[in-house]
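A short write-up of the structure that comes next.
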């Protein structure tokens with residue numbers, strides 16, 4: 080009987096933890112998803128790059144359409160929590176972003192490894208880390 084209770088408790092705990100999203104052990108900051116949230120909106124409001132949000136929460140799919148109200152997300156990991164961000168506007172390129180932030184293109188790519196070498200895969204609304212030091 081006790082073994083059955085242990086198995087039942089373990090199964091219940093797994094379901095509960097999966098539904099509530101277990102806390103990342105080395106998370107520097109958290110955010111609880113609210114109605115109407117999408118990843119770029121969360122990143123912009125909380126000063127966490129789009130890449131940082133995705134890498135700290137591997138359960139989020141590439142379209143960010145599987146987050147749910149009440150889910151607790153990690154905004155950045157300890158030692159890798161860039162809060163100096165820039166929201167890409169229509170028509171901006173890496174040259175204008177780096178010039179405005181006073182950083183090199185290499186530093187931009189170090190902190191945003193999702194940005195390709197030609198900077199052709201950025202989009203309006205994406206949030207980039209524009210810190211002068213490495214958070215990689």
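In this note's numbering, the protein residues as written are 80 to 215. Quick reminder that beta carbons are idealized off the backbone N, C-alpha and C, glycines included. On a predicted model such as this, the values are computed, not experimentally measured, just so you know.
### Message
Per DSSP, what are the beta-bridge partners of residue 108 in this structure?
### Response
For residue 108, which the question treats as bridged, DSSP gives the partners 155.
#### Entry: First through last residue of the beta strand (DSSP E) which encompasses residue 166
Looking at the DSSP string, the run of the beta strand (DSSP E) that includes residue 166 is 164-166.
### Query
Could you give the residue range of the alpha helix (DSSP H) that holds residue 207?
No alpha helix (DSSP H) holds residue 207; the beta strand (DSSP E) holding it covers 206-208.
### Message
On the criterion of 16 or more Cβ atoms from any shown chain inside 10 Å, does residue 164 qualify as buried, or is it exposed?
### Response
Residue 164 counts as buried, since no fewer than 16 other beta carbons sit within 10 angstroms of its beta carbon.
#### Entry: Best match in 189, 201 and 209 for proximity to residue 178 [C-alpha to C-alpha]
Looking from the CA of residue 178, the closest CA among 189, 201 and 209 belongs to 209.
#### Entry: chain C contact for residue 196 (CB, 8 Å cutoff)
Here chain C cannot be found, since the structure has a single protein chain.
### Message
Using 8 Å as the threshold, is the C-beta distance between residue 206 and residue 128 below it?
### Response
Taking 8 Å as the Cβ cut-off, residue 206 and residue 128 qualify as a contacting pair.
### Task
For residue 131, name the three-state secondary structure that DSSP assigns.
It is helical.
### Query
Quick one: what does DSSP say residue 122 is sitting in, helix, strand or coil?
The answer is helix: DSSP assigns residue 122 an H, G or I state.
### Message
Distance check for residue 120 and residue 203, CA to CA, integer angstroms please.
### Response
Distance between the alpha carbons of residue 203 and residue 120: 12 Å.
### Cα-Cα separation between residue 201 and residue 142, rounded to whole angstroms
Spanning the two alpha carbons is a distance of roughly 15 Å.
### Message
For residue 150, tell me which candidate among 162, 124, 117 and 176 has the shortest Cα-Cα distance.
### Response
The shortest C-alpha separation from residue 150 is found at 117.
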